[in-house]
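Numbering (the numbering used here), first residue to last: 21 to 137.
Written out as structure tokens, the structure reads:
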């Protein structure tokens, strides 16, 4: 387990769990909105959330028993370099990377438009 040490107002060291990276509420709502549209189209069936020390992950499954078809990942440490957001495919390939969530989620908008045509 990961612990960090902080000091209270008396200067006493306090040990606790290192905070995990998680999606902010607006970020999660945007991802869940996209997820809901693909569920309604019958393409996606399940999702999983993971909050780690360095990254947060939203995994999307076509079927419950398989590997994730897509993984939307937030890595705040990369925000100034490659961008904090990336989308990985089933085989782990980077499909999209960027500094803003909406920028990387545009990848899915194209897939949904193809279904409507």
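All C-beta atoms in this analysis are idealised placements derived from N, C-alpha and C, irrespective of residue type, glycine included.
Option nearest residue i by Cα separation, candidates the options
{"i": "residue 56", "options": "71, 76 and 82", "result": "82"}
{"i": "residue 105", "options": "65, 116 and 40", "result": "116"}
{"i": "residue 40", "options": "109, 77, 47 and 60", "result": "77"}
{"i": "residue 128", "options": "112, 119, 98 and 91", "result": "91"}
{"i": "residue 72", "options": "93, 113 and 112", "result": "93"}
Beta carbon of residue i nearer than 8 Å to that of residue j
{"i": "residue 95", "j": "residue 88", "result": "no"}
{"i": "residue 58", "j": "residue 51", "result": "no"}
Between the CA atoms of residue j and residue i - distance to the nearest angstrom
{"i": "residue 102", "j": "residue 75", "result": "14 Å"}
{"i": "residue 66", "j": "residue 100", "result": "32 Å"}
{"i": "residue 85", "j": "residue 54", "result": "21 Å"}
{"i": "residue 68", "j": "residue 107", "result": "14 Å"}
{"i": "residue 70", "j": "residue 122", "result": "20 Å"}
{"i": "residue 119", "j": "residue 63", "result": "27 Å"}
Residue i at chain D interface by Cβ criterion, 8 Å
{"i": "residue 63", "result": "Note that chain D does not occur in the displayed structure, where there is just one protein chain."}
Legend entry - Whole beta strand (DSSP E) elements within the stretch 54-109, 3-residue minimum: You should have 66-71, 76-81, 90-94 and 105-108.
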